[in-house]
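In the working numbering, the protein residues as written are 10 to 423. Ideal Cβ positions, reconstructed from N, Cα and C, are used throughout, including at glycine. As the structure is a computational prediction, the values presented were derived from the model and not from experiment. A short write-up of the structure that comes next.
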């Protein structure tokens with residue numbers, strides 16, 4: 010069930026190695042059924058990143074890379090993992106229309122990486138999952154919900170179920186009795202559509218129509234079909250590779266009389282349209298995006314790492330992903346991807362609460378279990394590899410078609 014805090018209309022809403030200190034005494038964690046008795050790693054935790062540094066989601070990349078850099082500096086300042094500094098390798102995942110991802114991942118594997126952070130694009134994440142699984146590399150996505158669950162793959166943002174339920178709860182709270190859903194025809198879009206239908210049944214809201222969007226869709230015909238069902242609200246849940254189609258659909262809906270206040274955008278469809286749509290087209294439209302808000306202090310640390318950082322979405326989740334991987338290696342006594350995957354959840358639930366890598370490893374000197382509570386919240390990883398409680402944020406579009414942050418929204422996981 011999603012917990013929604015009310016505001017207004019129903020929502021509140023590196024390649025650098027740090028110095029190594031004297032090794033700490035290593036804990037002897039209680040063995041778990043999933044833990045491997047065999048040490049597979051070479052003693053050095055190597056983390057690779059695959060964020061898009063070009064294309065429609067490139068704005069996210071710099072902030073997420075900076076978050077990895079800050080996290081690794083903190084970990085190495087606390088003595089490193091298993092007494093040795095963490096190593097990092099940064100590569101550009103490119104766009105969904107390119108094959109850069111596969112080449113970049115192969116390069117990271119050749120360098121002996123144990124864990125990959127990224128990507129921030131759902132289509133790229135879907136392509137990376139089988140590659141990481143085959144290579145025995147743990148994949149942690151700080152910005153993309155992974156569906157269906159895959160062993161060794163983790164996501165640190167609210168699941169598709171939580172995001173869909175949050176949006177529909179807000180729509181229902183606003184008095185809407187029917188909704189139309191426009192979703193991309195890829196795996197992430199289908200997951201959102203499936204989750205939204207389940208939430209509608211629980212909330213008593215009628216599904217007026219459901220349309221799938223792809224590169225061949227005629228925006229005018231789609232808008233005609235959607236408005237013909239006379240929904241009280243319309244949700245657009247699309248992908249970055251359909252950026253041109255998203256703009257065309259929003260224009261076609263406005264041409265048929267849909268006003269901004271009837272629209273909800275989520276996922277990569279929730280972007281700045283100030284340069285692509287007629288002013289005022291989206292004014293009053295609302296959107297929901299996964300990810301926690303940052304403290305001013307952490308935002309400053311990101312910009313100290315990279316002064317060019319402008320977008321900080323998912324930076325908190327990225328920092329926490331690095332810390333969880335490091336703690337999992339400490340718990341396993343091994344840095345290999347398989348060992349880390351077996352202990353990620355253990356680092357985030359049921360143990361002694363701790364709020365940083367240094368604090369957690371201090372606990373592990375005398376205790377066997379920790380519960381990392383990070384910058385993005387409790388970070389309690391479920392058996393399915395998602396977070397039990399993920400933050401969502403509410404946005405509202407201005408007359409310039411820019412999405413302004415309204416406030417945080419906490420969504421409880423399944």
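1) In terms of DSSP beta bridges, what is residue 363 paired with?
2) Should residue 258 be labelled buried (16 or more other beta-carbon atoms within 10 Å of its own) or exposed?
3) Cutting at 6 Å between CB atoms, please list the residues of its own chain near residue 308, excluding the five before and the five after it.
4) With distances taken Cα to Cα, identify the nearest neighbour of residue 116 among 131, 134, 97.
5) Since residue 98 sits in a beta bridge, which residues does DSSP pair it with?
6) If you drop the 5 nearest sequence neighbours on each side, which residues of the same chain put their C-beta closer than 6 Å to that of residue 104?
7) Look at residue 155 and residue 134 and say whether their C-beta atoms are less than 8 Å apart.
8) List the endpoints of the continuous beta strand (DSSP E) containing residue 62.
9) Between which two residues does the alpha helix (DSSP H) containing residue 328 stretch?
10) At which residues does the beta strand (DSSP E) containing residue 275 begin and terminate?
11) Once DSSP output is grouped into helix, strand and coil, what is the label at residue 211?
12) Using only the alpha-carbon positions, how far apart do residue 341 and residue 54 sit?
13) State yes or no: is the C-beta of residue 185 within less than 8 Å of the C-beta of residue 232?
14) So, at 7 Å on beta carbons, what are the nonlocal neighbours of residue 317 in its own chain, with the 5 sequence-adjacent residues on each side left out?
15) Name the two residues that bound the continuous beta strand (DSSP E) containing residue 156.
16) For the beta strand (DSSP E) holding residue 295, just list the boundary residues, first then last.
17) Would you call the region 174 to 193 and the region 140 to 159 in contact, with 3 or more CB pairs under 8 Å?
18) Alpha carbons only, please: which of 68, 132, 119, 114 is nearest the one belonging to residue 125?
19) Is it right to say residue 295 is buried, meaning 16 or more other beta carbons lie within 10 angstroms of its own, or is it exposed?
20) Could you tell me which of 335, 382, 377, 386 sits nearest to residue 87, measuring between CA atoms?
21) Out of 210, 199, 409, state which residue places its alpha-carbon closest to the alpha-carbon of residue 174.
22) Pick out whichever of 192, 214, 306 has its Cα sitting closest to the Cα of residue 250.
23) Rounded to a whole number of angstroms, what is the C-alpha to C-alpha distance between residue 289 and residue 235?
24) Near residue 44, what residues of its chain come up, given a Cβ to Cβ distance below 6 Å and the 5 sequence neighbours on each side ignored?
25) Tell me, to the nearest whole angstrom, how far the beta carbon of residue 411 is from that of residue 305; I am working on the premise that it is less than 8 Å.
26) Would you mind sorting residue 374 into buried or exposed? The rule is 16 or more other CB atoms within 10 Å of its CB.
27) Output the distance between the C-alpha atoms of residue 285 and residue 406, rounded to the nearest integer angstrom.
Reading off the structure:
1) Per DSSP, 381.
2) Buried: at least 16 other Cβ atoms inside 10 Å.
3) Cβ neighbours of residue 308 within its own chain (closer than 6 Å, five residues either side excluded): 321.
4) Of the listed residues, the one whose Cα sits closest to residue 116 is 97.
5) DSSP, once it has assigned bridges, lists 57 as partnering residue 98.
6) Same-chain partners within the cutoff: 64.
7) For residue 155 and residue 134, yes; Cβs fall inside 8 Å.
8) Segment: none, residue 62 is in no beta strand (DSSP E) and carries neither H nor E.
9) 324 to 341 is the span of the alpha helix (DSSP H), which, as asked, contains residue 328.
10) Counting along the chain, the beta strand (DSSP E) containing residue 275 begins and ends at 272 to 275.
11) In the three-state DSSP reduction, residue 211 falls in the helix class (H, G or I).
12) The alpha-carbon of residue 341 is positioned some 12 Å away from that of residue 54.
13) In this structure, residue 232 does not lie closer than 8 Å to residue 185 by Cβ.
14) Annotation for residue 317: 71 place their beta carbon closer than 7 Å to its own, counting only its chain and skipping 5 residues before and after.
15) Run containing residue 156: none; DSSP gives neither H nor E here.
16) For residue 295, the enclosing beta strand (DSSP E) begins and ends at 295 to 299.
17) Output reads no: the region 140 to 159 does not touch the region 174 to 193.
18) Residue 125 has its Cα closest to that of 114, out of 68, 132, 119, 114.
19) Buried.
20) Ranking 335, 382, 377, 386 by Cα distance to residue 87 puts 335 first.
21) For the residues 210, 199, 409, the minimum Cα distance to residue 174 belongs to 210.
22) Minimum Cα distance to residue 250 is reached at 192.
23) Taking the straight line from one Cα to the other gives about 21 Å.
24) For residue 44, the predicted model reports a pLDDT of 40, less than 50, meaning its position is unreliable; a value from the coordinates is still stated below. So the list reads 351, once near-sequence residues are dropped.
25) Not really, about 21 Å apart at Cβ, beyond 8 Å.
26) Burial is judged here by how many other beta carbons sit within 10 angstroms of a residue's own beta carbon; residue 374 has fewer than 16 and is exposed.
27) A straight line joining the alpha-carbon of residue 285 with that of residue 406 spans about 14 Å.
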